[in-house]
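Colleague: Sequence lines, in order, name chains A and B.
With the working numbering applied, the first sequence covers 673 to 966.
With the working numbering applied, the second sequence covers 295 to 575.
Using N, Cα and C, we set each Cβ at its ideal position, and we do this for glycine too.
Structure incoming, see below.
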Amino acid sequence: MTDRFISIEGIARRYPATGGGVTTVFEDLWFSMAKGEFACIIGHSGCGKTTVLNILAGLDAPDDGAVIVDGRAIDGPSLDRAVIFQGHSLLPWRTALGNVAYAVAARHRDWPKAKVTDHALRFIEKVGLKGSEHKKPSELSGGMKQRVGIARALSIEPKIMLMDEPFSALDALTRGTLQDEVRRICLETGQTGFMITHDVDEAIYLADRIVLMTNGPQAMIAEIVENPLPRDRQRTEMHHHPDFYAVRNHLIDFLVARSKTFRDGVPADHDRRRPPVVRPVAGPSPVAGARKVA
Amino acid sequence: MAVSLNLRAMLLSVLIFAAFVAVWHLATQSGAGGAAANIDPEYAKLMGQQVTQGKSPMPGPLDVAQTIWGHLKDPFYNKGPNDKGLGIQLAFSLARVLTGYLLAVLVAVPLGFLIGLSPLMSKALDPFIQVLKPISPLAWMPLALYTIKDSSVSAVFVIFICSVWPMLLNTAFGVSAVRREWVNVARTLEVGPLKRAFTIILPAAAPTILTGMRISIGIAWLVIVAAEMLVGGTGIGYFVWNEWNNLSITNVIVAITVIGVMGMLLDQTLARLQRAVTYPD
């Protein structure tokens, strides 16, 4: 059961096209995640990544198919699934603590105020913002705002964290520290994570598995890449790992070329329910080192 | 030049005021020296000594200052229906404005929420608002007098009807412009629609709502003077008209000053409230 903690089963999303007809953003998408796993989804803009995440969050509904979390089909937003939005999306009229406390109070409606504050402070501390808890978002830097967003998501102790390019608006240095933070917290707490990203290195550092989506419309999952890097990888060291460039090149090749052409020559044995799993490792020639494992 | 901008601005303000008072004083002094002879005798009878003694009928700043001082010393005297202290008249006007205004808040803010949240209601009510909004509030007066049959309540109604539109439109706009992501944050936290309205939409739209309320109080204060001139009896607007009938230009000028100062105080109060709910983004 735990290896299908989250199961996306044949979801599709369609919009009425301008001038009649329908545009299918994606259809027949299948993917499942185990508890404690971290998955990244990469693909070009317009392939429906954010829609997939919104469906997982319950903010959007699929036109076909269903998403099952912990044995139950989702039918709306839930405190079990926390979202870290692309913009920090903090409430500007509340302090950092107020923002986290808002989430805590929503989770534990019967808690007294002091307990809510204590709990919120614990998570503010966890993301390294102790001392800034009484500042308004406008007084915080971009990285600090996103930390508050992470603290808010963590504070409700969700079954899964959904992240929509959470670090894309930050500078490289801040992004790196926050990636470390997220990885540390997820490993410590066994948090299940699902993240959209454009950043290939971010995906390799954070994800156990990386979902490759072809270009939209009618996007599909081309394949799922298993991360060959060891679990105790370090962000600053991982590019020395022999397999690093094999994965990296595989992902970049996909984004540059195959994401466009994949649909024109879908292999006959391509099963949308079980997209091929690939584990790129360093071989005699690094780029050709991709090896199918399933 | 270490003098701050504020101080320099204040000095300049005082200078402008002094110049204005000086010109006013000179203009009224040199008014009609010795022109008493060729004045219409009927007019002279009406204006009394002001004209017959060659004094300008226009009061000078000193007369006005003296009258203001007189009113300030005893603002709440009551010597019958046509002679009440300025404080009493002002209190009547304020009571009417605040009653009509608060009623308008009670109607406009919830209705604005509904319009802002529901595209259907927004479209359905739009034609009514578009037609009702440009109607001069005083045009409602006959209808109000006929149906309500009470002049004081009619004045309150006129205040209500003129305050309602800016608040309604601003609330609707503020509510509809609340950022989607804030609402989504609340949705993912399973915050119900009613609680969402109070904890997300209200604080997010508050600055826009307060802007509407500030515009409304300004309009209400403009309209009350005209409304009270029509309905009569009490209030600062009636006072102005009564003093015009008494041909006391001095008191008219005093009333104009008081109306201006009171309007400023009302506006400043709302401005302070607006600052209190504004959040930096």
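In the DSSP assignment, what residue or residues form a beta bridge with CYS712 of chain A?
Modeller: Per DSSP, A:MET867, A:ILE882.
Colleague: Cα-Cα, which of B:TYR573, B:GLY527, B:PRO460, B:SER387 is closest to ILE423 of chain B?
Modeller: ILE423 of chain B has its Cα closest to that of B:PRO460, out of B:TYR573, B:GLY527, B:PRO460, B:SER387.
Colleague: So, do the segment 524 to 535 of chain B and the segment 376 to 392 of chain B have three or more beta carbon pairs nearer to each other than 8 Å?
Modeller: Cβ pair count under 8 Å is three or more, so yes.
Colleague: Expressed to the nearest angstrom, what Euclidean distance is found between the alpha-carbon atoms of TYR877 of chain A and GLU853 of chain A?
Modeller: Straight-line Cα distance between these residues: approximately 12 Å.
Colleague: Please list the partners that ALA954 of chain A has in chain B, where partner means a Cβ-to-Cβ separation under 7 Å.
Modeller: Those do not exist, as ALA954 of chain A stays about 41 Å from chain B at its closest Cβ, beyond 7 Å.
Colleague: With a threshold of 16 other CB atoms inside 10 Å of the CB of ALA313 of chain B, please say whether the residue is buried or exposed.
Modeller: Exposed, because fewer than 16 other Cβ atoms sit within 10 Å of the Cβ of ALA313 of chain B.
Colleague: Tell me which same chain residues have a C-beta within less than 7 Å of the C-beta of PRO355 of chain B, skipping the five on either side of it?
Modeller: Same-chain partners within the cutoff: VAL315, TRP318, HIS319.
Colleague: In this structure, does DSSP put ASN921 of chain A in helix, strand or coil?
Modeller: Helix.
Colleague: Is the CB of VAL571 of chain B under 9 Å away from at least one CB in chain A?
Modeller: For VAL571 of chain B, the answer is yes, since a Cβ of chain A falls inside 9 Å of its Cβ.
Colleague: May I ask you to verify whether the segment 730 to 740 of chain A touches the segment 539 to 553 of chain B, counting CB pairs closer than 8 Å and requiring at least 3?
Modeller: Flag = no, the segment 730 to 740 of chain A and the segment 539 to 553 of chain B do not touch.
Colleague: Inspect the beta-carbon positions of ALA521 of chain B and SER448 of chain B and report whether they are closer than 9 Å.
Modeller: For ALA521 of chain B and SER448 of chain B, yes; Cβs fall inside 9 Å.
Colleague: For chain B, check one thing: does any of its Cβ atoms lie closer than 9 Å to the Cβ of ARG753 of chain A?
Modeller: Yes, ARG753 of chain A lies at the interface with chain B (some Cβ there is under 9 Å from its Cβ).
Colleague: Quick one: which residues of the segment 839 to 850 of chain A get their C-beta closer than 9 Å to a C-beta of chain B? List them in chain order.
Modeller: Under the 9 Å Cβ criterion, the segment 839 to 850 of chain A contributes no residue.
Colleague: DSSP on SER827 of chain A, reduced to helix/strand/coil?
Modeller: In the structure shown, SER827 of chain A sits in a helix (DSSP, three-state: H, G or I).
Colleague: Who pairs with PRO431 of chain B in a beta bridge, going by DSSP?
Modeller: Bridge partners of PRO431 of chain B: none, in fact.
Colleague: Is ARG566 of chain B helix, strand or coil by DSSP?
Modeller: Three-state result, ARG566 of chain B: helix.
Colleague: Hey, how far is the Cα of LYS641 of chain A from the Cα of SER679 of chain A?
Modeller: Shown here, chain A extends from 673 to 966; a query on residue 641 of chain A therefore has no answer.
Colleague: Start and end of the beta strand (DSSP E) containing PHE698 of chain A?
Modeller: Looking at the DSSP string, the run of the beta strand (DSSP E) that includes PHE698 of chain A is 694 to 705.
Colleague: Taking the alpha helix (DSSP H) that ALA844 of chain A belongs to, which residues open and close that run?
Modeller: Looking at the DSSP string, the run of the alpha helix (DSSP H) that includes ALA844 of chain A is 844 to 861.
Colleague: Can you check whether the CB of HIS806 of chain A is closer than 9 Å to the CB of ALA777 of chain A?
Modeller: Not in contact: ALA777 of chain A and HIS806 of chain A (Cβ atoms no closer than 9 Å).
Colleague: Where does the unbroken alpha helix (DSSP H) through ARG490 of chain B begin, and where does it stop?
Modeller: Where ARG490 of chain B is concerned, the enclosing alpha helix (DSSP H) stretches over 487 to 490.
Colleague: If we ignore side chains and look at the alpha-carbon of each, how far apart do GLU709 of chain A and ARG946 of chain A end up?
Modeller: Cα to Cα, the separation comes out at about 18 Å.
Colleague: State yes or no: is the C-beta of VAL949 of chain A within less than 9 Å of the C-beta of ILE868 of chain A?
Modeller: No, these two residues do not count as a Cβ contact at 9 Å.
Colleague: Using a Cβ-Cβ cut-off of 8 Å (strictly less than) and excluding sequence neighbours within five positions of THR849 of chain A, which residues of its own chain qualify?
Modeller: Taken in chain order, the residues that qualify are GLY815.
Colleague: Tell me which residues share the same chain as LYS808 of chain A and place their Cβ nearer than 7 Å to its Cβ, disregarding the 5 neighbours each side in the sequence.
Modeller: The residues are PRO764, THR767.
Colleague: Note down the Cα distance separating TRP434 of chain B from LEU426 of chain B, rounded to an integer number of angstroms.
Modeller: TRP434 of chain B and LEU426 of chain B: Cα-Cα distance of roughly 11 Å.
Colleague: Out of B:PRO369, B:TRP363, B:LEU483, which has the shortest C-alpha to C-alpha gap to LEU751 of chain A?
Modeller: Of the listed residues, the one whose Cα sits closest to LEU751 of chain A is B:LEU483.
Colleague: Using the three-state DSSP reduction, which class does ILE740 of chain A fall into: helix, strand or coil?
Modeller: It is a strand residue.
Colleague: For LEU884 of chain A, would you say it is in contact with chain B, using Cβ-to-Cβ distances shorter than 9 Å as the test?
Modeller: So, not an interface residue.
Colleague: Just how far apart, CA to CA, sit LEU309 of chain B and CYS456 of chain B?
Modeller: Each residue's alpha carbon lies about 37 Å from the other.
Colleague: At a CB-CB cut-off below 8 Å, which residues of chain B make contact with PHE757 of chain A?
Modeller: Near PHE757 of chain A (Cβ distances below 8 Å), the residues of chain B are GLU475, ASN478, VAL479.
Colleague: Should the segment 499 to 512 of chain B be regarded as contacting the segment 458 to 472 of chain B, the criterion being three or more beta carbon pairs within less than 8 Å?
Modeller: Verdict: yes, contact present.
Colleague: Taking only the alpha-carbon atoms, compute the straight-line gap between MET892 of chain A and GLU699 of chain A and give it to the nearest angstrom.
Modeller: Distance between the alpha carbons of MET892 of chain A and GLU699 of chain A: 7 Å.
Colleague: Where does VAL897 of chain A fall in DSSP's three states?
Modeller: In this structure, VAL897 of chain A counts as strand in the three-state DSSP scheme.
Colleague: Would you say LYS808 of chain A lies against chain B (beta-carbon separation less than 9 Å)?
Modeller: Taking Cβ atoms only, chain B reaches closer than 9 Å to LYS808 of chain A, which makes this a yes.
Colleague: Which of helix, strand or coil does DSSP assign to ASN376 of chain B?
Modeller: It is coil, neither helix nor strand.
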